[in-house]
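Protein chains in written order, with the UniProt record's numbering: chain A, 1 to 220; chain B, 1 to 222.
The structure appears below as structure tokens.
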Amino acid sequence: MTIKVYGTKESTCSQRVYLALHEKEICDYHIVHVDLLKGEHKRPEFLKIQPFAKIPVYQDEEVTIFESRAIVRYIAEKFKDKGTTTLYGRNLKEKGLVEQWVEVESQNYNPPVDVIVHEEYFNPKYWGATKPNEQVVQENVSKLEKVLDVYEAHLSKNKYLAGDFYSIADLVHIPYTYFLIKYTTKGHVITSRKHVKAWFDDISARKSWQKIAKEYINES
Amino acid sequence: MASLKVYGKTYSTNVTRVLTTLAEKNVDDYQMVPIDLLTGANKTPEYLKLQPFGQIPAFQDGDFTLYESRAIARYISDKYEGQGTALSGNTEREKALVNQWLEVESQNYNPCAGKIVFECVFAQILAGRPTDEAVVKEQLEKLEKILDVYEARLTHHKYLAGDFFSLADLAHIPVTNNLINVAKKGELFSSRKHLNAWWEDISSRPSWQKVLQIIQAGQQQK
């Protein structure tokens, strides 16, 4: 099976897809680099596969799909007996909880983290921004802290978000959280919360993420 | 006594997303437990045990609790797989496309449409201030581009994930109803032929008609 991922090595959304593939012990996929700075994502050839002009896009012989969390769900289902088999839970209720926490990530967690990481890291590095908008950063830090208080309470009773098993609910958090800690001044929101920190240390130590951290992320 | 419970109020599009899913699966035997954001009922310790972010809806199936409307909708679709409308796709490919368009709704469509509805309809009641026209203008510009993509998609497919109605279409219904009928932004749809046909189709489904009646009954109960 030939798998292509249209994206970049450093894109956090693309990294969710690589993570899922690694958890399924699939490492021989091809990254088709889409140069955002040159506007390749807005060209007609790319818009044919992703009409919203975003990365990543996943392609194998059977499907072409976009939206990283949809791709991750597809990988979890398609390769369910390979590699980490708990990615989608083991029964209806576990799957329900996995879906709940993927939605929490997408609706509550990711929006403020996305803003902070873009303001402090991606915008200056790639898009010519001179300095972060401090008010915007602070507003989002406040939102994120309230969300993380809930995570802290939850993770004090559960090893992983959906229960006692690692799933795509944990996975989808990893890329942006890694960037938040390593490349912004706001990582303390994670590291100051005992159970959130322990959870993130655990899930980011997995081989699936270490490969991305060591080989894909530009450490310069 | 119904073992299924939906906590919330029908003015919430997230709640009515769940009610519409139940209706599509022919599941009638559930109880609505009112949790009114306006009275702070979502912030009581008892409710926070069910939904620690203090949002509505929350859902219970016996002693199993779930929250996040799209997760609840997926659970209902899975649990009642054998009855009502098949909402999640049948093949791996169909499921992937349903999930893709559900993500588009959640990441692209809903944030824009939701902000427009909030500014035009709820800013005064909930935030005690007039509509911020700059926000409405900015969000409308984004939404127009998104809807152009939908129009192109729906030119070639009857529904978003293909030729079958799914959760991906359903998820759009409550907010779109508010956008068109309450915020009066119907022109966004009536100016796009295939998008409009899609909207006419999905909003005339018995499931949504039933939920509209539930919403009206709820409004009369004040």
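Virtual Cβ for every residue (Gly too), placed ideally from N, Cα, C.
Remember, it's a predicted structure, so these values are computed and weren't measured experimentally.
Next item on the list: Quick one: give me the first and last residue of the alpha helix (DSSP H) that Asp-201(B) is part of.
Entry: 193-203
Next item on the list: Reducing DSSP to helix, strand and coil, say where Val-149(B) ends up.
Entry: helix
Notebook entry, point to check: Who does Lys-54(A) pair with in a DSSP beta bridge?
Noted result: Lys-54(A) pairs with nothing; no bridge assigned.
Check: Helix, strand or coil for His-22(A) per DSSP?
Finding: helix
Check: If you run the structure through DSSP and keep just helix, strand and coil, what is Asp-61(B)?
Finding: strand
Notebook entry, point to check: Near Lys-82(A), what residues of its chain come up, given a Cβ to Cβ distance below 8 Å and the 5 sequence neighbours on each side ignored?
Noted result: Lys-24, Glu-25, Ile-26
Notebook entry, point to check: Does the distance from the C-beta atom of Lys-5(B) to that of Gln-83(B) stay below 7 Å?
Noted result: no
Margin query: Would Ala-168(B) and Leu-66(B) qualify as a contact pair, given that the criterion is a beta-carbon distance under 7 Å?
Written below: no
Note to self: Against chain B, which members of the UniProt domain "GST N-terminal" (1-83) of chain A pass a CB distance test of less than 7 Å?
What the structure shows: Pro-51, Phe-52, Glu-62, Val-63, Ile-65, Phe-66, Glu-67, Arg-69, Ala-70, Arg-73, Tyr-74, Glu-77, Lys-78
Checklist line | Val-5(A) - DSSP class collapsed to helix/strand/coil | finding: strand
Next item on the list: Identify every run of the beta strand (DSSP E) within the UniProt domain "GST N-terminal" (2-84) of chain B, keeping only runs that are complete inside it and at least 3 residues long; order them along the chain.
Entry: 4-8, 30-34, 58-61, 64-67
Note to self: Checking the sheet assignment: what are the DSSP bridge partners for Phe-66(A)?
What the structure shows: Val-57(A)
Next item on the list: Return helix, strand or coil for Gly-128(B), following the three-state DSSP convention.
Entry: coil
Next item on the list: Please list, in chain order, all residues of the same chain as Leu-161(A) whose beta carbon is under 6 Å from its beta carbon, the five residues on each side excluded.
Entry: Trp-101, Ala-169, Asp-170
Next item on the list: Tell me whether the beta-carbon of Val-121(B) lies closer than 7 Å to the beta-carbon of Val-27(B).
Entry: no
Notebook entry, point to check: What is the rounded straight-line gap between the Cα of Val-98(A) and the Cα of Glu-105(B)?
Noted result: 19 Å
Next item on the list: Sort Leu-38(B), Gly-40(B), Glu-68(B) by Cα distance to Val-18(B) and report the nearest one.
Entry: Glu-68(B)
Check: Which chain B residues are close to Val-104(A), counting only those with a beta carbon under 7 Å from its beta carbon?
Finding: Glu-68
Notebook entry, point to check: Would you call Ser-142(A) buried or exposed, if buried means 16 or more other Cβ atoms sit within 10 Å of its Cβ?
Noted result: exposed
Notebook entry, point to check: Who are the near neighbours of Thr-84(A) in its chain, counting only those whose CB is closer than 6 Å to its CB and skipping five residues on each side?
Noted result: Glu-23
Notebook entry, point to check: Do Tyr-150(B) and Leu-97(B) have their CB atoms nearer than 7 Å?
Noted result: no
Item checked: Chain-ordered neighbours of Leu-188(B) on chain A, where CB pairs are closer than 8 Å -> Going along chain A, no residue has its Cβ under 8 Å from Leu-188(B), so there is no contact; the nearest lies around 17 Å.
Checklist line | Length of the line joining the Cα atoms of Tyr-75(B) and Thr-85(B) | finding: 14 Å
Notebook entry, point to check: Quick one: is Trp-127(A) buried, meaning 16 or more other Cβ sit within 10 Å of its Cβ, or exposed?
Noted result: exposed
Notebook entry, point to check: Just the Cα atoms here: how many angstroms apart are Ile-212(A) and Leu-19(A)?
Noted result: 8 Å
Next item on the list: Could you give the DSSP three-state label for Tyr-121(A): helix, strand or coil?
Entry: helix
Next item on the list: Could you pull the start and end residues of the beta strand (DSSP E) that Val-32(A) belongs to?
Entry: 30-33
Note to self: If distances are taken between C-alpha atoms only, which option among Ala-41(B), Pro-57(B), Glu-46(B) comes closest to Met-32(B)?
What the structure shows: Pro-57(B)
Check: Glu-152(A) to Lys-185(B), Cα distance in whole Å?
Finding: 41 Å
Checklist line | Whole alpha helix (DSSP H) elements within the stretch 130-156 of chain A, 4-residue minimum | finding: 134-155
Note to self: If the criterion is Cβ atoms closer than 7 Å, does the pair Val-113(A) and Leu-180(A) meet it?
What the structure shows: yes
Next item on the list: Kindly identify the DSSP beta-bridge partner or partners of Tyr-160(A).
Entry: Gly-163(A)
Next item on the list: Using a Cβ cut-off of 8 Å, pull out every chain B residue sitting near His-154(A), in sequence order please.
Entry: Pro-52
Check: Between Arg-192(B) and Leu-160(B), what straight-line distance do the alpha-carbon atoms span, to the nearest angstrom?
Finding: 15 Å
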